[in-house]
Amino acid sequence: MNVNLLDLKPQNGALEPELHEAFLRVLRSGHFILGPEVERFEKSLAEFTGAGHALGVSSGTDAILVALMALGIGPGDEVLCPAFTFFATAGCVARVGATPVFVDACPVCFNLDMRDAARRLTPKTKAILPVHLFGHSADMDAVTDFAWKHDLRVIEDAAQAMGATYREKQVGTMGDFGTISFFPTKNLGALGDAGAVLTNDTALYERAKILRMHGMEPKYHHPYVGGCFRLDALQAALLSVKLPHFNDYTAGLRRNSALYTERLSMMTDVEVARPENCGCLQAHARDHSSRIVLPVAYPFRGHIWNQYTIRVMGEGQRDVLRTHLTSRGIGSEIYYPVPLHEQACFSYLGYSRGEFPWAERLAGEVLSLPIYPELPEEQLEQVCLAIAEFLGK
Ligand SMILES: Cc1ncc(COP(=O)(O)O)c(C=O)c1O
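Quick note on this note's numbering: the sequence shown kicks off at 19 and runs consecutively.
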């Protein structure tokens, strides 16, 4: 039997009557953009995350853009952000005319290496943009201390990590802004594009709200140049159906990650990454001798496992494993094969190979396995079996 990397049908299918009802409600209301459905969802999201304010926007990308614009970040400003993340994080920095300054990744937690961030600070640095990659919080004490010391604004890119926690606080609620994506494959997935901005600062919230609608306030008066970053009423209504089930989705992801770790860590040549080796804490992250390194949830961080991403050590070995999984009908994905400093669109920044050793290495080693909440256990066992075959070769 084939094992898909992701299958959205069981999750949405289970809620079909409620989603259908929400669709009809919006259809019959004739109100399709912003409005009461969006306000209701925003209120529930603020309650769920503990943020002072939640603002529904058109995507996780636009959430980052609105946050940067609301903080007045633009030409001449530098923003520290990971070299190892999805493109949107740095793409938005460039789109507001600021300069993305890349920071190397930690090979254990995959997030910003704050020692490297400190090395890349300049008088032009205005903000830091940590990403809670794969659903695991960045080291937010280190980020917020650093930001406070150097008078930087903090935007948390929580696109992949809604619901994850750091010392009991939800990610996205510790910086000036937090940004969330409801792209269908995310832990709370819409049925199209959608996103949200979180903040505890009422003045920033008000500004972001104006920016969401062309920087317009009052009608046809524009104190700012904003954009069209509105959330559709339909997506808000559908998300309102799914939000009450979010904890079940997280429980499914946690169960599957625990099963992977239990099964795979018993195999020869496989080890679980050790938080004490975290590159963020040490001058030089220690390396592993095993062929496969499994991801780990750190103490004090509630991982929500948007991805279960293993490292396959040894030149070309990740691709060998991926080909083997494909031959067994098993889906997998490489998040991300090219670090951002090596993307053609950022060549103007003048970085060269070797400047971000861990980001470059991770790009060649990481492989994400199927983990979606409804993944049948027998399919997860199939993945483990195929990995055992690879190791036995
Ligand atoms: C880290 C990160 N930031 C931002 C985004 C952008 O979100 P969206 O696809 O909703 O625009 C994503 C989406 O995959 C992401 O993974």
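Beta carbons are placed, not taken as given, at the ideal position from N, Cα and C, and that holds for glycine.
| query | result |
| --- | --- |
| Beta-bridge pairing of E96 - partner residues as DSSP gives them | T117 and T143 |
| Identified DSSP bridge partners for Q188 | T183 |
| I51 (DSSP reduced to helix, strand or coil) | strand |
| Contact set for L151: own chain, Cβ-Cβ below 7 Å, skip 5 residues either direction | T103, F128, N129 and Q178 |
| Three-state secondary structure assigned by DSSP to S275 | helix |
| Other residues of its chain near L33: CB distance less than 6 Å, five sequence neighbours each side excluded | V259 |
| Beta-carbon separation (whole angstroms), R309 vs L409, contact threshold 8 Å | 6 Å |
| Cβ-based burial, L403 [other Cβ within 10 Å; buried from 16] | exposed |
| 7 Å Cβ cutoff met for L23 and E351 | yes |
| The stretch 240 to 260 / the stretch 200 to 218 touching (three or more Cβ pairs under 8 Å) | yes |
| A301 classed as buried or exposed, judged by whether at least 16 other C-beta atoms fall within 10 angstroms | Reliability fails at A301, whose pLDDT of 48 lies under 50, so the model's placement of it is uncertain and the value that follows must be treated cautiously. Burial call: exposed. |
| For M284 and Q253, the rounded distance between their alpha carbons | 43 Å |
| Among L89, F105 and A116, nearest to D95 - alpha-carbon criterion | A116 |
| Inter-residue spacing [alpha-carbon to alpha-carbon] between E399 and Q361 | 36 Å |
| heavy atom of ligand 1 below 6 Å from Q178 C-beta | yes |
| Simplified DSSP state of H38, which is helix, strand or coil | helix |
| Identity of the residues DSSP links to T327 by a beta bridge | S386 |
| G78 - partner residues in DSSP beta bridges | In the DSSP output, where bridge partners are listed per residue, G78 has none listed. |
| DSSP bridge partner residues for T197 (one or two, in chain order) | D175 and V215 |
| heavy atom of ligand 1 below 6 Å from S365 C-beta | no |
| G349 (DSSP reduced to helix, strand or coil) | coil |
| Alpha-carbon to alpha-carbon, R230 and P93 | 20 Å |
| CB contact flag (A226, V243, <7 Å) | no |
| Burial state of W323 (16 or more Cβ within 10 Å) | buried |
| E289 - containing beta strand (DSSP E), residue span | V288 to V290 |
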